[in-house]
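As structure tokens, the structure follows; a few thoughts come after it.
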Amino acid sequence: MPPVVLTIAGSDPSGGAGIQADLKTIHRHGGYGASVLTVLTMQNTQGVTRAEAVPPDVVRDQLRSVLTDLAPAAVKTGALGSAAVVREVGEVARRSEVPWVVDPVSLPSRGVPLGDGLLAEALAAELLPHATLVTPNAREAAELAGFPVETLADANRAAEQIAALGCRSVLVTGGHFAGDTRGTDLLWDTGRAFELPPSQVLAGEFHGTGCALSAAIATRLARGEPLPEAVKRSKAWLESALATAFPVGAGAKPVNHLAPLDPDA
Ligand code: PXL
1 MPPVVLTIAG
11 SDPSGGAGIQ
21 ADLKTIHRHG
31 GYGASVLTVL
41 TMQNTQGVTR
51 AEAVPPDVVR
61 DQLRSVLTDL
71 APAAVKTGAL
81 GSAAVVREVG
91 EVARRSEVPW
101 VVDPVSLPSR
111 GVPLGDGLLA
121 EALAAELLPH
131 ATLVTPNARE
141 AAELAGFPVE
151 TLADANRAAE
161 QIAALGCRSV
171 LVTGGHFAGD
181 TRGTDLLWDT
191 GRAFELPPSQ
201 VLAGEFHGTG
211 CALSAAIATR
221 LARGEPLPEA
231 VKRSKAWLES
241 ALATAFPVGA
251 GAKPVNHLAP
261 LDPDA
């Protein structure tokens, strides 16, 4: 039986990000995907026009339904929508003994915010202390660390500061870095920093990269891979998923979730 991987995240009806991306990615990496919805977005490949948070008691009851029956081997969180939902999810994380990968999503690249203004504070206080791995992009790392993150050195400092909130590891993704460090991720793992350069830098605008990466890592952790390998193999897969991405609409290309896994992975 494949391991159950639970994603707690928002819906992207155009299928490129959020829960839809997570489920496709979990399946691709050999997991059985279960999902709890936290935010409904109205969006397509051109951006998010509206986001409606799911009430916290509805999130709590979805979690209860799934967790009284299924036993996830790993959990991934994405857009949570409100500080109140972060608290509900944090309560479950606190009692969990499986790996949690937390993607601290608050803003889409284009469009309206995916959460209330207290989200970063609630994440830091209620969820990050129970996370195995937190996967901010540069902007999210800046929000959590409280200073701008524009270079790998900034990412290193931010990762150290975020890890001090209590999570084991932090992956600052470098898709938005300028110049020759674009695409280099910074992994802070149990007190050491590793730079993970891309094997190729791809031009173009993509949608849902962070969702796909964190869901792939969660699935690999569920399958028992050690964290650094899970991160490296997920990154290798994401690169092939970006290299073979196709336009489904007029805007940014979604990740090609069907891309083959790295032959070594
Ligand atoms: O990629 C961040 C993200 C996560 N989750 C949902 C989203 C987005 C970006 O648009 O819509 C639901």
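1 is the number of the first residue of the sequence shown in this note's numbering; add one for each residue after it.
We put the beta carbon where it would ideally sit given N, CA and C, even for glycine.
Residue i, DSSP secondary structure in three states
i      : result
Pro13  : coil
Ser35  : strand
Gln200 : coil
Leu279 : This structure leaves residue 279 out entirely; the chain is present only between 1 and 265.
Asp189 : strand
Gly210 : helix
Gly47  : strand
Pro254 : strand
Ser82  : coil
Gly170 : It should be noted that the sequence gives Val, not Gly, for residue 170. DSSP places Val170 in strand when its eight states are reduced to three.
Ala71  : coil
Thr184 : coil
Thr219 : helix
Leu40  : strand
Thr244 : coil
Glu205 : coil
Ala178 : coil
Ala230 : helix
Cβ-based burial, residue i [other Cβ within 10 Å; buried from 16]
i      : result
Pro247 : exposed
Val201 : exposed
Arg192 : exposed
Arg28  : buried
Glu195 : exposed
Glu88  : buried
Pro3   : buried
Thr132 : buried
Pro271 : Outside the shown range of the chain (1 to 265) lies residue 271, about which nothing can therefore be said.
Glu126 : buried
Ala17  : buried
Phe206 : buried
Gly204 : exposed
Ser199 : exposed
Pro254 : buried
Thr181 : buried
Ser106 : buried
Gly33  : buried
Gly78  : buried
Reference residue i, options the options, closest by Cα
i      : options                           : result
Ala74  : Gly15, Val231, Asp154 and Leu6    : Leu6
Gly166 : Gly174, Val102 and Leu152         : Val102
Gln43  : Arg157, Ala230, Arg110 and Arg95  : Arg110
Val149 : Ala122, Ala124 and Asp185         : Asp185
Leu175 : Gln46, Thr135 and Asp22           : Sequence inspection shows Gly at residue 175; the Leu mentioned does not correspond to that position. Out of Gln46, Thr135 and Asp22, Thr135 has the C-alpha closest to the C-alpha of Gly175.
Leu171 : Cys211, Pro198, Phe177 and Ala159 : Ala159
Ala9   : Pro56, Thr151, Ala164 and Ala222  : Pro56
Pro104 : Ala93, Leu123 and Gly117          : Leu123
Ala215 : Met1, Lys24, Ser14 and Gly15      : Lys24
Phe177 : Asp189, Asp262, Ile162 and Ala155 : Ala155
Arg220 : Ala212, Arg95, Gly249 and Ala230  : Ala230
Asp22  : Ala250, Gly249 and Ser234         : Ser234
Val98  : Pro113, Leu67 and Met1            : Leu67
Asp12  : Ala53, Met1, Ala236 and Ala245    : Ala53
Pro113 : Arg223, Thr49 and Pro129          : Thr49
Ala243 : Ala250, His257, Asn137 and Gly249 : His257
Closer than 8 Å: residue i CB and nearest ligand 3 heavy atom
i      : result
His207 : This structure simply doesn't include ligand 3; it includes ligand 1 instead.
Can you give, in chain order, each stretch of the beta strand (DSSP E) that sits fully within the segment 89-164 and has at least 3 residues?
Runs found: 100-102.
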